[in-house]
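Structure first, commentary second.
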Amino acid sequence: EFIFNIYKIIYMIMRFIIVCLEKEVVVLERNCLLLSPLLSCSFSWGFPDNSCVFGNHTFAVFEGLSDWGETLCAASPNPTTVVTAGTSTVVCVWDVTVDKDKLNGMKLRQPLYGHTDSVTCLAVSDVHNVLVSGSHDLTCILWDMEELSYITQLTGHTASISSLAINDLTGEIASCAGPHLYLWNMKGQLLSHSHSSCGPLPDVLSIAFTQRHEWDPRNVIITGGADGIIRIWKTEYTRTQLPGPPEEPVSPGQDRTERDGNGTSGKMGIFI
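FYI, the numbering for the sequence shown is 1 to 272, going by full-length UniProt numbering.
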């Protein structure tokens, strides 16, 4: 079962999305989302006229997608919400109208401003109510999907953001910029970045987490590179003692973990 899940992720990395149902497999092409559980409804973008398509029918969109520049990416946390972004630098959250399992249209709920260059990728988690956007401005922005507000910015990338993923089990966020892979927590703190003993790596184009159980050590990160190679990464956690004064006896009623809470630091390494 675990190997089968790995293959599903690999197919997704190769620019196709594989949705495995109980009795069938649904394959979606590039620039297409399946608005699950409305399996007959898909959302497509990237057309020359900047229109969007639901299934085989094109809808007139409030203010039009063309008003927000060319759409480069989209995401959907649930069947009634679609998020789009692109050359306008604005992230747009849309309400999708559903009637008898058919989509009738879209209405702009909220534009989110923060990037200074084209938005290249999106990742959204309905479990954690967060949205992450990546941009040519070398940053990612973490948004609150419930309040539709800015949370924090992920900085320190050395190239444009090419791909994003959110782990629904742990809340970890992975971002890819050039050949580098970065891992963050929900507070916007950098946990680690990629290390390789194999020499220079090609640019990373896509990324995904395997998600069995939070405690399962077999969970890995899978990336697809510009050289056509799929790479599997593992994470290792270490705990180190920070410099500080000599340890003192714990006084009655004092929790050692409370007193030493600032004396240790968790670190994560990502290795190919």
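Don't be surprised by glycine CBs; every beta carbon is placed ideally from N, CA and C.
Closest in alpha carbon position to L183, among S149, C140, C41, I229, is C140. Under the 10 Å beta carbon count, S42 is surrounded by 16 or more other beta carbons and is classified as buried. Per DSSP, H180 is one residue of the beta strand (DSSP E) stretching across 180-184. L28 places its beta carbon 8 Å or farther from that of V93. Put simply, the backbone Cα of L181 is about 27 Å away from that of W45.
Note on V82: 16 or more other CB atoms within 10 angstroms of its CB, so buried under the neighbour-count rule. For P202, same chain residues with a beta-carbon under 8 Å away, outside a window of 5 residues either side, are P179, G225, A226, D227, I229 in chain order. In the DSSP secondary-structure assignment, Q110 is bridged to V93. Minimum Cα-Cα distance from T238 among the listed residues I232, S192, T120, Y150 corresponds to S192. Around the Cβ of P200, a 10 Å sphere holds fewer than 16 other Cβ atoms; the residue is exposed. Bounds of the beta strand (DSSP E) holding G86 are 81-86. Under the three-state reduction of DSSP, D144 is assigned to strand.
Counted as a single uninterrupted DSSP element, the beta strand (DSSP E) harbouring S44 occupies residues 42-44. Taking each of F54, G86, D137 in turn and checking the Cα distance to T80, the smallest one comes out for F54. Exclusion of the five residues before and after P77 leaves V124, D126 as the residues of its chain whose Cβ lies within less than 6 Å of its Cβ.
Comparing alpha-carbon positions, the option among I173, E236, N167 lying closest to T210 turns out to be N167. Of the candidates L131, L108, H136, I207, the residue whose Cα lies closest to the Cα of S175 is I207.
In its chain, beyond the 5 residues on either side, A85, C121, L122 have a beta carbon closer than 6 Å to the beta carbon of C73. Per DSSP, the continuous beta strand (DSSP E) segment holding G225 begins and ends at 221-225. The alpha carbon of S194 has as its nearest neighbour, out of T152, T170, R212, I232, the alpha carbon of I232.
Exposed is the label assigned to T97, since fewer than 16 other Cβ atoms lie within 10 Å of its Cβ. In the DSSP assignment, C32 falls within the unbroken beta strand (DSSP E) covering 32-34.
The criterion of a C-beta distance shorter than 8 Å is satisfied by H115 and T89. Between W68 and Q189, the alpha-carbon positions lie close to 31 Å from each other. The beta carbon of G156 lies closer than 8 Å to those of Y182, L190 in the same chain, with the five residues before and after it left out.
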